[in-house]
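Visitor: Just so you know, the sequence shown maps onto residues 128 to 598 in our numbering.
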Amino acid sequence: MYLYNSLTHKKELFQPNDPNLVKMYTCGPTVYHYAHIGNLRTYIMEDVLEKALRYTGYNVKRVMNITDVGHLASDADTGEDKMLKGAKRENKTVMQIAQYYTDAFFADCEKLNIKKPEVVEPATNCIAEYIEMVQRLLDNGKAYFAGGNVYFDTSKLGQYYVFNDHDEEDLAVGVREGVEEDTNKKNRNDFVLWFTKSKFEDQALKWDSPWGVGYPGWHIECSCISMKHLGEDLDIHCGGIDNAFPHHTNEIAQSESYLGHKWCNYWFHVHHLNTDGGKMSKSKGEFLTVSLLEQKGYDPMAYRLFCLQSHYRRNLVFSWENLDNAVTAYDKLIAKIAALSGNGEVDQQAFDALKERFVNALNGDLNTSVAVTAMYDVLKAKTNDATKLAALRDFDQVLCLNLIDAAEELRQKQKAEEEMSADPEIDALVAARTEAKKAKNFTEADRIRDELKARGIEIIDTPQGTKWRKV
Ligand code: AMP
Ligand code: ZN
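As C-alpha cells, then:
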C-alpha cells in the first residue's frame, strides 16, 4: 500500500517494522463534549485505513488514548483544562464528564460503523508512565524545571518542525493570536510536560510527582500510551491535520529524545471538515453531532458515504445540500443492490477483476473515492448477480456501509408492501368504498372505512387513487 507520509511529504510504500503486525496509534477524543461530525470524519478515515490494512493481509494492533486530563483550551498549553471547562458547564465532576462523553463517543462510532481499537486507554490511567518519561528527559538534559512546571527544551533538538516547511514565525506558539506568552519558557516553542502551577488554580485532578502535586501535559500522554502498549517502535500514527502542530511535533520531540532513536515511521493526517465559516470546531459554539443528524432524519451511513466519497487529504465542505446528495446516492445504491437476485454461481475471474480495482484504489494512498467508484463498477459489470453480491459483500468489509443488510431490509420492506397490496378481499372493500363515494353514498363509504379500520387497515386517498396499509 502506498500512503502519503506527512513526515517525508511524499507517498511511500508502507512497510511495517514487523511484516506480521502493524502497530497503529490514534489520537483519541478529548472527552469534554460530544464529538462533532468533523472529529468523526477523522475517525472514519482512520477506521478505513485500519480495515484496508487488514483487508490487504496485515494484522493490526491499534491503540487509542482518551484525553481526560491535560488538554488546555489552547493546544499551546494555555487557558483552562478542557475537561474542567466541561465539568463547570454541566455542573458535574470531571470524571463524570469523562465517562459520559467517552460512552457518547463510542456510541457515535458504533452508529458510523467505526471499529473500537483493541486498546483504549484513558490518560488518567498512566501517571506513572508520564513521570518516568519526564524524569528521563530531565536527566538527559532535554527538559527543565521553571516556574513550577517541567518544560521540554526545544533548543536541544536538531530539528523541531518536522511536518511542514512553514515559516517558523507563523508557527511559533508564543506569537499566535490570542495566545499569551509563558514567561517561564526558555524558547517560545518549549512545551509543558508536567504542570504544577498554571494560570487556573482549581485543576480538579492532580497527582503527586517528584516536581510537586500536578498533572501531565497533553502531548506526553500519547507518547507514553503508545509506548506502553506498542513498544518503542511505532509504524503509523494518525490524527487530524490540526494535530500535526504542535501536538504531533511535540510527541516526536519528546519520544525520540526519550528513546534516543526514531520512533514512528509513518504519519497519517486527515484533513478537515469545513463549513462555510471554516473548520468545524467546538470552540465556535455550534457544531453538528451524529445525534443531530439522526434527529433530522439522516441515516449515519449516508454521512459515512459522504466522507468516503472524498479523499482524506482534501478538505471536505459540509453543507446540507452535499449531505442530501449523499443520501440520494446511498438510497439509490441500496435499491440497486436490493434488486440483485443472488442467483447463479460466483464467477471467480470476474470477481477477481472487480476486486483488483478496489484493492488498487485502497493501495493508492487510501483513495476511498475511487474505491466507492469501484463499488459502482460492480453494479454495472457484465457478470451475474451472485458475483456482484459477493464482490459488494467483500468490499463492505472495508467500506462498512451496511450494503448487504440495508439491501436485505429494503427487500423485506418491499415484499411486505407487495403482500399487503395483494390482498384481494381488502382490495374489493376499498374498490366498493370508492364506488360508494362516486355514487355519493357517503354513509356506505364511511361504513366500509370503519370496517377496514376495525381490521387494522388504514385508507389513504391520493391523487393517484386510494391506497391502503396495515397499521
Ligand atoms: P479532539 O477531541 O479535539 O482532541 O479532536 C479529535 C480529533 O478530531 C483529532 O484527531 C482532531 O485533529 C480531529 N479534528 C478536529 N476538528 C476537526 C475537523 N473540523 N475535521 C476533521 N477532524 C477534526
Ligand atoms: Zn495525541
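Every residue gets a Cβ at the ideal spot worked out from N, C-alpha and C, and that includes glycine.
All values reported here derive from a predicted model rather than from experimental measurement.
According to DSSP, is C349 helix, strand or coil?
Guide: The answer is helix: DSSP assigns C349 an H, G or I state.
Visitor: Can you tell me whether S408 sits near ligand 1, meaning its C-beta is under 8 Å from at least one heavy atom of the ligand?
Guide: Under cutoff, so the answer is yes.
Visitor: Compute the distance between the beta-carbons of I241 and L167, then report whether it is under 9 Å.
Guide: Going by C-beta atoms, I241 is nearer than 9 Å to L167.
Visitor: Below 8 Å, can you find three or more Cβ-Cβ pairs linking the region 437–451 to the region 511–520?
Guide: These segments do not touch.
Visitor: Using the DSSP secondary-structure output, state which residues sit across from Y152 in a beta bridge.
Guide: BP columns for Y152 point to V190 and H364.
Visitor: Which residues in the same chain as V302 place their Cβ atom closer than 6 Å to its Cβ, once the five residues preceding and following it in sequence are excluded?
Guide: Unreliable positioning characterises V302 in this predicted model, as indicated by a pLDDT of 42, which lies under 50. The coordinate reading is nonetheless provided below. Cβ within range, chain order: n/a, list empty.
Visitor: If you measure from the CB of V499, is any heavy atom of ligand 1 nearer than 8 Å?
Guide: No - ligand 1 has no heavy atom lying nearer than 8 Å to the Cβ of V499.
Visitor: Taking 5 Å as the limit, tell me which residues put their C-beta closer than that to any heavy atom of ligand 2, in chain order.
Guide: Here the list is C154 and C349.
Visitor: Can you give me the Cβ contacts of V261 inside the same chain, cut-off strictly under 6 Å, excluding the 5 residues immediately before and after it?
Guide: So the list reads V277, L320 and W321, once near-sequence residues are dropped.
Visitor: Do D235 and ligand 1 come close, with the Cβ less than 8 Å from some heavy atom?
Guide: D235: no, Cβ never under 8 Å from ligand 1.
Visitor: Roughly how many angstroms separate the alpha carbons of A555 and R576, rounded to a whole number?
Guide: Those two C-alpha atoms are separated by around 12 Å.
Visitor: How would you call S282, buried or exposed, if buried means at least 16 neighbouring beta carbons within 10 angstroms?
Guide: Exposed.
Visitor: When every heavy atom of ligand 1 is checked, does at least one fall within less than 8 Å of the C-beta of T251?
Guide: For ligand 1, not one heavy atom lies less than 8 Å from the Cβ of T251.
Visitor: Report the three-state DSSP secondary structure of R440 (helix, strand or coil).
Guide: Three-state result, R440: coil.
Visitor: Mind checking who N276 pairs with in its DSSP beta bridge?
Guide: A273.
Visitor: So, for E304: in the same chain, excluding its five sequence neighbours on each side, which residues have a beta-carbon less than 6 Å away from its beta-carbon?
Guide: Confidence is the limiting factor: at E304 the pLDDT is only 45, short of 50, which leaves the residue's position unreliable, though a coordinate-based value still follows. Hits under 6 Å: none found.
Visitor: For G405, count neighbouring Cβ atoms within 10 angstroms of its own Cβ and tell me buried if that reaches 16, exposed if not.
Guide: By the 10 Å Cβ count, G405 comes out exposed.
Visitor: Tell me the start and end of each unbroken alpha helix (DSSP H) in the region 431–482 that is at least 4 residues and wholly inside, in chain order.
Guide: As far as the region 431–482 is concerned, its whole alpha helix (DSSP H) runs of at least 4 residues are 447–465.
Visitor: Return yes when the C-beta of Y170 is under 8 Å from any heavy atom of ligand 1, and no when it is not.
Guide: Indeed, a heavy atom of ligand 1 lies less than 8 Å from the Cβ.
Visitor: Let me know if H399 comes out buried or exposed under the rule of 16 or more other beta-carbons within 10 Å of its beta-carbon.
Guide: Its Cβ being crowded by 16 or more others within 10 Å, H399 is buried.
Visitor: Per DSSP, which residues does H399 bridge with? Please list them.
Guide: Paired residues: none, contrary to the question.
Visitor: CA-CA distance, G197 and Y161?
Guide: Cα to Cα, G197 sits roughly 18 Å from Y161.
Visitor: Give a yes or no on whether the C-beta atoms belonging to F279 and Q381 are separated by under 9 Å.
Guide: Contact flag set, yes.
Visitor: Does the region 212–228 touch the region 257–276, meaning 3 or more C-beta pairs lie closer than 8 Å?
Guide: Segments in contact, no.
Visitor: What residue from M502, H163, N192 and R440 has the CA that sits closest to Y152's CA?
Guide: Of M502, H163, N192 and R440, the residue nearest in Cα terms is N192.
Visitor: Over the uninterrupted beta strand (DSSP E) stretch that includes R582, give me the two end residues.
Guide: Premise fails: R582 is in no beta strand (DSSP E) and is neither H nor E.
Visitor: Could you check whether L176 and C365 sit closer than 9 Å to each other, using their CB atoms as the reference points?
Guide: Their beta carbons are under 9 Å apart, which means C365 touches L176 by this criterion.
Visitor: Thinking just about the alpha-carbon of each residue, which of G367, D235, M407 and D360 is nearest to the one in H388?
Guide: It is D360.
Visitor: Is the beta carbon of L481 closer than 9 Å to that of D458?
Guide: Not in contact: D458 and L481 (Cβ atoms no closer than 9 Å).
Visitor: Which one of F232, Q223 and G344 has the shortest CA to CA distance from G206?
Guide: The shortest C-alpha separation from G206 is found at G344.
Visitor: Would you identify the three-state DSSP class for I254, choosing helix, strand or coil?
Guide: If DSSP states are grouped into helix, strand and coil, I254 belongs with the helices.
Visitor: Under 8 Å by Cβ, that's how I've got I347 and Y257 pegged, so tell me the actual separation to the nearest angstrom.
Guide: About 5 Å separates the two Cβ atoms, so the contact holds.
Visitor: Could you compute how far the alpha carbon of P551 sits from the alpha carbon of Q591?
Guide: Between P551 and Q591, the C-alpha separation is close to 19 Å.
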